[in-house]
Every structure is written in structure tokens, then in C-alpha cells.
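Here the protein sequences line up with chains A and B, keeping their order.
The first sequence runs contiguously to residue 315 in my numbering.
The second sequence runs contiguously to residue 1494 in my numbering.
In what follows, a single structure is set out as C-alpha cells and then discussed.
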Amino acid sequence: MQIKERLQDRVFSLAASILILCIIMTFIFPTQFPTVENFSQLLLNLSIDTIVAVGMMILLISGMFDLSVGSIVAFSGGLAGYLMYYHDVNFLIAIVAGLSGSVLIGFVNGWLIAIAGINPMIQTLAMMGIVRGLALMLSGAGIQNFPYNFIYIGQSKLLGLQAPVWYMIFIVLMFSFLVNRTVFFRRYYFIGGNERAAKLSGIQVEKMKIWAFVISATLAGIAGILLSSRLGAALSTSGRGLELRVITAVILGGASLSGGFGKIFGALLGALFMALINNLLIIGRVSGYWQEIILGIVLIVAVGLDQWLIRKMEK
Amino acid sequence: MLRLRNISKYFTGVKALQNVTLHFEKGMIHALCGENGAGKSTLMNIIIGIHQPDEGVILWNEQPVEIKNVQTAQRLGISMVYQERSLVDSLSIAENIYPVQTPVVKGGLIDFPLLFRQTQQLLNELGLINLSPMTLVKKLSTAQKQMIEIAKAIAKTPSLLILDEPTASLTHSETEILFRILKNLKDKGVGIIYISHRMSELQNISDIISVLKDGKFISTIDSKTPAQEIVRLMVGRDLESVKKSSNVQMEVSLEVENIRGKGFRNISFKLHKGEILGFAGLQGSGRSAMARALFGDEKITGGKILKDGKILHLNHPSEALEHGIVYLPEDRKAEGLFLHSSISENIFSAQLKKGFYNAAIADDVSLKLCKLFSIRTTTVKQHLRKLSGGNQQKVVLAKWLAQEPEILIVNEPTHGVDIGSKEEIYQLLKYMTAEGKSILLISSELPELLFLSDRIAVMHEKEIIGILNREEATEERIAALASGIKTTKMYICK
């Protein structure tokens, strides 16, 4: 591939930016940045976001998005915690319940959007409030004292990396393979590219849309379970603002709000890029207030630069 | 009035226009023709100020001018009717026609009574008496929208009017109204630049014809020049013409009995193997609705469809595909293409079999199809938006051929396609019938229908009003039937 095309490929340009950022940080903070602890912490922090971002990437590829994922994170952890704490339910059943609840929410979102024709923004915005309310009812001020088996899921370590990092790696690899190589997932690009043409190409757009919301909600549910297991607590405030952070990561990773673009690795790299900038600000002792300001600027610059590049190439 | 001298324009290495010198005069209809990519659009974009020439001079009434943007062009009196519609659906006809020069009362509020009066007057002048200025644009048919688009350009009282493929979505009768309007304007001294792919139209309406090829000006000729000569100038070679031949077999592949649905009713016909059954009719006569229903994209509320003697129930295009029925939609950009995907991805977008996708095999198959269809590209990884209209259309056709269909429904297959590609598409359709595939051809271009079809069904008011054999079909007969006139003399087999 030519340099020109490479530059247009966000996965490539983002990976290069991350590499450069890492090198610069190694030089500026040689004792704090390039350490195993720092990296394992950094990866742990981004694992929850990335798992949700994978589902969001699939939605954005097909031209939709889901604002309720942050609430689903709190809900699935809350439901599992509620069952374990108040009803002594076995931890596996509690997890299955949490995930099933998430699947159901995803299905309702998908059905109302694809079949009833409600706009995704409105539907998932409403669902965001509804599910947050449910999470509040379930976990109230927070639930603690989970069985050991449940805690183990999110707090065990393998090869120096925390379990959520491994789940994240597995999910990214699996979905990356599926989206690249299966006819089913590739259809999301066609739906995002031109929905009408997709239907006339024999693609069952409505069913596919419902599946996309179910997948995204399920991944958010998994993230919720992992988060409450890792924290050892189910908090009704978990995942607040997560949806926008995740959409930011996915857009940074090369997706477009109008659909048709994006790769699963882009979701990982987008989240990694954001985590690195956060890391930089923390190590550099920049005030917490600045973090969001800087992330906002980074998003605008990245997307603006992209648009500028595309226009430049077209000419 | 407008003189272009030695205009050149480059787009990163590509010479879009080279040394073009052209003169446009008052009170004259000047047709511009050339294949897609010949530089017509670039030239027009320069005249209306979207692009600036890299070299050359523009003279307006003998004064050198620099047309920096569309506003400058409008001040000079240059107005253009775009191929792509620029109307806002949720606003009224009047508001759409006067988006900028809206009359206002004191305080900047819109003077609606005056606006409506003004619009009504304009509509009357244009012979669109049955339209009210207050009607919302979304309630209009495609053809009516196109007429409003033209009204919008005329409302600016231009001294030079540019029309790019204005008749693409118009039917016969509306085209006639448009021609009357243009002749009127011409008599008033307005200069008109007319771009079209339709040869007969060019000769009918224009005074002189200028031909562009590969960004160069070829020549300006009298509009009475024989069509073949013009085509030769445009293409640079003689076109091998497709022989009028028939591959109809006895066997019936599709039988439709009395189907009805939204926009069509009482439709019955038999489609034989190797046959091309043409469908003529006015916009809104139900041809497209029927075609979509046969593809499972629209509901069928009664009647039955038999394929090879078996009843079909089609609820979704995917089911039609499984039965070997494919559909080439009317609006290529909106319904047929994935502009940001590559050629091979487009071709494999209709892959029915689930499972794993192998990009290498897809590219390989696509490359073969590109050769077979003479799709001009360097690589199958090329994105569709970078191809010309003709090549895009061939990609959509290739996609359906890759599915090995038995029945092809094609809706306006040569809409906005240049002459060279048009011939190639005709050859492809013929080639498919030779393979025993059946084709249902919907077209608003009568010569195309007459040339390709074995039989022609004419639709009027949602029904088939008559089916003509090849021998009895003439433009006049089809036009008469399409407007609902059945003469007793005519033999109608139904």
C-alpha cells in the first residue's frame, strides 16, 4: 500500500501516533512511564472502556450508536450483585442474570429502532435514563461483600496482567476476526454505507440492526460484571459518562457517525490513545480539570486533521 | 455573450480541461456533449464559479471577468439547473423557488402573499398551472420536482441558463413542456447551455452542438448533423452496434397472475426464458412499484407469482435472491452503490451464503468480472465513488451476475450513463438472454425499449394497458397507450 493510502487508514496513523507518544513519554518520564506497573495499570484502566467500545464500533460501522451502554454497565453489575447479596444466588447464575438483562435491554433498543423506527439517538437516550434508574433501584448506595468466586473473575492475574485485560484482548481479537472475515459481520459495513442498497442487496437490515444492539449491550453487560468484580462492589454510578468516552474512542479509532467506516482494532487503539493521554497528564501532575479539556481538543484535532487530509487527497 | 478562451484546469496531475475555447451566444441553445469524464461538468463548474480555471480567460459581454464563486456568477446573470436536486422537501414550492430573493415587508418578515403571487405568476408562465405555490415540495413527483428546479433557475431571470441532464427524470410529455419553456426563453434572448446524453433530444432542441472529449474541445457542429457522426466525434471511434436479435425460448420462467399492491394492480404477464420484456409508462404509472414487489421489497396484497410453475411468496429481497431474482434499482447512488467500498466489496455485497469471507477469492472473481464487463479501473480495490457513472452501473450489474440469477429486473439501466457504456450494457443484457436468463426491462427511453425488448408492456394508471409485440411496437403506439389511449385498430394482446 502506498503512503497516501496508509495515512488515510486511521488504524495505521493512530498506531503510529501512539508509538510516538510512548517514545516521547519514555524520554520525559524515564522512571515513571516505562514501567510494568504503570502499563499494567494503564491497560487495566482501559479494559472496561475497550470492551464496551468494541460493541460501539459495530454500531457505528452500521451507522448507529447506543447511549445506554454506560447505564447497562451499572445495571448488569447491579443486578448480579443484588441477586448475590440479597438472595444468596450462586455467582454463576447471578452473572447469567446480569448478562440476560443486558441482552434484553439491547433487544428492546434494537427492536424499537429497527422495527418501530425510533431514532437511535432518542431511543438510547431514553433507555439510558430508564436503565440508570433500574440500576439505582438495584444497588442503591452500593452493594459489597461478594462471594470470593465472583471477585476472582476480575481480580485474578495471569502473566502479570489483570484478568480484565485478558478478557479485553480476547474480545478484541475475536471480534476483529469476525468483523474482518465473516459475511455476517461484514454486512454492517454495507448497512452503514448505504442502508437502502443493503436491503436491495438482500441483507436483512432490521434483523442485523437488532443483533448489533444485542451485541453491544451484551458487551456492556460483560464490562459491568467485570467492573463490579474488580471493584468488589456494585455501584449505581458505575459507567456514568462512559458512553461518551467510548464514542470518543471509537471516533478517534476511525469510525464515522454516518456509518460505513471503522475497524475493531481502531476501537482498542482509540481507547489506548485516550488512556495514554490521561496517563501523561497524571504523571505530569496536570490538574484533573484539564484532562477532559485536553481530550476534547484531541478529538477535534484528530477528526479535523482527518477531514483535511481526505480533502487534500481528493484534489 | 460568454467567451471562454484557452481554459485549462488541472486536478493533481490530471488535466480535466485543456485549452478549451468556446463561445456562447444570446438567444441560442448551445448543446454540449461528450462522454462521462470528457470535462463537461468541470467546464460548467468553472462557468458558475465553483472552480477557477488554472489558465485562460473568461469574457462576459466582451469584458474579462473572474468568477470567484457562485454569487459572482449569479450577479452576472448565470444560473444553473443541477442534476442533483437542491430542493428542501419540507418547504413550499414558493419558498424553494425564492430562497434568497424572498420578498420581505418592513422588519425583515417574509411577505407571503407577494411571494405566493410572484410564484403563481412564474408557474403560470411555465405552464405548470395545476401546481399551487403553497404545496410542499415533498408532495411532488420526481418529475415535478425537476420542473420546480428549473423554475428556481429561471426565477433568477438569468441571461445565461445552464441545464445539466434536465430530462433524466422527466417523461415524454414533461420533456415537451420543458422544450417549450426553453424555446420561449431563447426567443427572449436568453442564452442556454444544454447538457444531455440523449442524442435525439440534443438534435431536437439545440441550435448548435459542441463536442468535448478527454478535456479537449473537438468541434462545434450544426445540430442537423447525423447522430452517428456526433457519436463518432464523442467516442472517437465507430460503435459496434448490438444486433437486434432475439433469444426467446418457449419455456416460461416467471408467471404473474393478477398481482396487486400499493401503486399497482391487476398485473398479469408471462416472462419466457431468454426474453426481454420491456415495461413502458409514465412516471408513477406503477412500473417501479411492481418491479420492487417482484423483488420482495414491497408488499403484494393479492394475486400470485409463479416461478417455474411454483408459487412464490416474497417478503424480503433476500427471498427473491434465493429464487434467482435480482433487481437493478432505478437510483444508482441512493439504492445501488456503496460509494465508500471497493469494487470487489460492492460485487460481494449480495453474497448470500453466510460463513467466512475470503478477500483474495473475492478480488480474483471481481477482476474477472471487471474484464468481462470492461469496467475501466486499475484495481478492484478502487472505491466506487472514483468511478464514472457508466462504470458504476456496470459494477452493480456485475454484482448481480455474480449471483447467477435466472431473472433480472432492471430499472432504467442506462440512466445517466455515457454512450459508450450504454452500448456495453446493451451487449451485456443481450449476452445474458443468450444464456437463457430472462430480463424485465423498465425504461423511460423509448428507443432503448424498442431496441432491446422482445415484447413491450405498457402501463397506465397502475395497470398494464397493453402488451405489444416487437413488430407492432412503435414510439407513437407506446406513447398513446402510456397516456391511456387505446385505439380500436390496435391489436392488444393481454
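Beta carbons: idealized from backbone N, C-alpha and C, even for Gly.
*Closest by CA to residue 1257 of chain B, which one among B:1305, B:1316, B:1283, B:1093?*
As a working note, residue 1257 of chain B is residue 257 in the second sequence. The shortest C-alpha separation from residue 1257 of chain B is found at B:1305.
*Evaluate the contact criterion for the segment 27 to 43 of chain A versus the segment 159 to 176 of chain A: three or more CB pairs, one atom per stretch, below 8 Å.*
yes
*Can you give the Cα-Cα distance for residue 271 of chain A and residue 251 of chain A, rounded to whole angstroms?*
Position 271 of the first sequence, counted from the start, is the residue given in the question as residue 271 of chain A. Position 251 of the first sequence, counted from the start, is the residue given in the question as residue 251 of chain A. In a straight line, the C-alpha of residue 271 of chain A is about 10 Å away from that of residue 251 of chain A.
*So the beta strand (DSSP E) residue 1249 of chain B belongs to, where does it begin and stop?*
Looking up residue 1249 of chain B in the second sequence gives position 249. Looking at the DSSP string, residue 1249 of chain B is not in any beta strand (DSSP E), and its letter there is neither H nor E.
*Counting contacts by CB-CB distance shorter than 9 Å, is residue 264 of chain A in contact with chain B?*
On the first sequence, position 264 is the one that residue 264 of chain A refers to. Not one chain B Cβ lies under 9 Å of residue 264 of chain A.
*Under the three-state reduction of DSSP, which class applies to residue 1491 of chain B: helix, strand or coil?*
Numbered from its first residue, the second sequence carries residue 1491 of chain B at position 491. Residue placement at residue 1491 of chain B is poorly supported in this model, since its pLDDT is 45, which falls under 50; the coordinates still yield a value, given next. In this structure, residue 1491 of chain B counts as coil in the three-state DSSP scheme.
_Using the Cβ count rule (16 or more neighbours within 10 Å means buried), how would you classify residue 1307 of chain B?_
Taking the second sequence and counting its residues from 1, the one referred to as residue 1307 of chain B is at position 307. The residue is buried, with at least 16 neighbouring Cβ atoms inside 10 Å.
_Neighbourhood of residue 1300 of chain B by C-beta distance below 6 Å, restricted to the same chain and skipping five residues each side_ = Taking the first residue of the second sequence as 1, we reach residue 1300 of chain B at position 300. These residues qualify, in order along the chain: 1259, 1261, 1293.
*asked:* Using a 10 Å radius around the Cβ and a threshold of 16 neighbouring Cβ atoms, would you call residue 1030 of chain B buried or exposed?
replied: Walking along the second sequence from the start, residue 1030 of chain B turns up at place 30. By the 10 Å Cβ count, residue 1030 of chain B comes out buried.
*Between residue 1384 of chain B and the rest of its own chain, which residues show a CB-CB distance below 8 Å, the 5 nearest in sequence each way excluded?*
For the purposes of this step, residue 1384 of chain B is identified with residue 384 of the second sequence, where counting begins at 1. Correct list, in chain order: 1337, 1338, 1339, 1340, 1341, 1342, 1343, 1346, 1392, 1395.
*Are three or more beta carbon pairs between the segment 292 to 306 of chain A and the segment 49 to 66 of chain A nearer than 8 Å?*
no
*Tell me, please, whether the segment 126 to 145 of chain A touches the segment 71 to 79 of chain A by the rule of three or more beta-carbon pairs shorter than 8 Å.*
yes
*Is residue 1175 of chain B helix, strand or coil when you go by DSSP?*
For this step, residue 1175 of chain B is matched to residue 175 along the second sequence. Three-state DSSP puts residue 1175 of chain B in a helix.
*Through-space distance from residue 1351 of chain B to residue 1368 of chain B, alpha-carbon basis*: Start at 1 with the first residue of the second sequence, and residue 1368 of chain B comes out as number 368. Start at 1 with the first residue of the second sequence, and residue 1351 of chain B comes out as number 351. Taking the straight line joining both Cα atoms gives about 17 Å.
*Could you check the C-alpha separation between residue 1002 of chain B and residue 19 of chain A for me, to the nearest Å?*
Translated into the one-based positions of the second sequence, residue 1002 of chain B becomes position 2. Translated into the one-based positions of the first sequence, residue 19 of chain A becomes position 19. Those two C-alpha atoms are separated by around 57 Å.
_Extent of the continuous beta strand (DSSP E) run through residue 1364 of chain B_ = Here residue 1364 of chain B corresponds to residue number 364 of the second sequence, with the count starting at 1. Residue 1364 of chain B -> not in any beta strand (DSSP E); alpha helix (DSSP H) instead, spanning 1359 to 1372.
*Meets three-Cβ-pair contact criterion under 8 Å: the segment 136 to 143 of chain A and the segment 78 to 90 of chain A*: yes
*Proximal residues of chain A, C-beta to C-beta of residue 1350 of chain B below 7 Å*: Start at 1 with the first residue of the second sequence, and residue 1350 of chain B comes out as number 350. Neighbours of residue 1350 of chain B on chain A, chain order: 201, 202.
_Closest to residue 1086 of chain B by C-alpha separation, out of B:1101, B:1148, B:1410, would be which residue?_
Taking the first residue of the second sequence as position 1, residue 1086 of chain B is located at position 86. Selected option, being the one with the closest Cα: B:1148.
_Distance CB(residue 317 of chain A)-CB(residue 155 of chain A) smaller than 9 Å_ = Nothing about residue 317 of chain A can be read from this structure; chain A reaches only from 1 to 315.
*Are the segment 8 to 27 of chain A and the segment 269 to 286 of chain A in contact at 8 Å, needing three or more beta carbon pairs?*
yes
_Coarse secondary structure for residue 164 of chain A, derived from DSSP in three states_ = Within the first sequence, the letter at position 164 stands for residue 164 of chain A. Helix, per DSSP.
*Please say whether residue 1078 of chain B and residue 1097 of chain B have beta carbons closer to each other than 9 Å?*
The residue labelled residue 1097 of chain B in the question sits at position 97 within the second sequence. The residue labelled residue 1078 of chain B in the question sits at position 78 within the second sequence. Cβ atoms of residue 1097 of chain B and residue 1078 of chain B: not closer than 9 Å.
*asked:* Assess contact between the segment 1177 to 1194 of chain B and the segment 1211 to 1225 of chain B, defined as three or more Cβ pairs (one per stretch) separated by less than 8 Å. Is contact present?
replied: no
*asked:* Quick check: what's the CA-CA separation for residue 103 of chain A versus residue 218 of chain A?
replied: On the first sequence, position 103 is the one that residue 103 of chain A refers to. On the first sequence, position 218 is the one that residue 218 of chain A refers to. Each residue's Cα considered, the two are about 5 Å apart.
*Cα-Cα separation between residue 1328 of chain B and residue 196 of chain A, rounded to whole angstroms*: As a position in the second sequence, residue 1328 of chain B is number 328, starting the count at 1. As a position in the first sequence, residue 196 of chain A is number 196, starting the count at 1. Those two C-alpha atoms are separated by around 12 Å.
*Quickly, what does DSSP pair residue 1220 of chain B with across the bridge? List them, please.*
The count along the second sequence starts at 1 and reaches residue 1220 of chain B at position 220. Bridge partners of residue 1220 of chain B: B:1210.
*How is residue 1227 of chain B classed by DSSP in three states: helix, strand or coil?*
Along the second sequence, read from residue 1 onward, the residue named residue 1227 of chain B stands at position 227. Looking at residue 1227 of chain B - three-state DSSP - the assignment turns out to be helix.
*Would you list the one or two residues that DSSP bridges to residue 1164 of chain B?*
Stepping through the second sequence from its first residue, residue 1164 of chain B is reached at position 164. Answer by DSSP bridge pairing, in chain order: B:1195.
*Could you work out which residues of chain A lie near residue 1318 of chain B, taking near to mean beta carbons separated by less than 8 Å?*
The residue you call residue 1318 of chain B lines up with position 318 of the second sequence. Per Cβ cutoff of 8 Å: 202, 203, 204.
*Residues near residue 996 of chain B in its chain [Cβ-Cβ closer than 6 Å; skip 5 each side]*: Because residue 996 of chain B is not part of the residues shown, which for chain B are 1001 to 1494, the question remains open.
*Which residue or residues does DSSP assign as beta-bridge partners of residue 22 of chain A?*
Within the first sequence, residue 22 of chain A is the residue found at index 22, counting from 1. In DSSP, residue 22 of chain A forms no bridge with anything.
*Give the DSSP bridge partners of residue 1271 of chain B, in chain order.*
Locating residue 1271 of chain B in the second sequence gives position 271, where the first residue counts as 1. BP columns for residue 1271 of chain B point to B:1254.
*Using only alpha-carbon positions, find the residue among B:1435, B:1042, B:1422 that is nearest to residue 1443 of chain B.*
For the purposes of this step, residue 1443 of chain B is identified with residue 443 of the second sequence, where counting begins at 1. Checked all of B:1435, B:1042, B:1422; the closest Cα to residue 1443 of chain B is B:1422.
*Decide if residue 1400 of chain B is buried, meaning its Cβ has at least 16 other Cβ atoms within 10 Å, or exposed.*
As a first step, residue 1400 of chain B must be located in the second sequence, where it is residue number 400. Under this definition residue 1400 of chain B is a buried residue.
*In chain order, which continuous runs of the alpha helix (DSSP H) of length 4 or greater are located wholly inside the segment 1376 to 1433 of chain B?*
1389 to 1401
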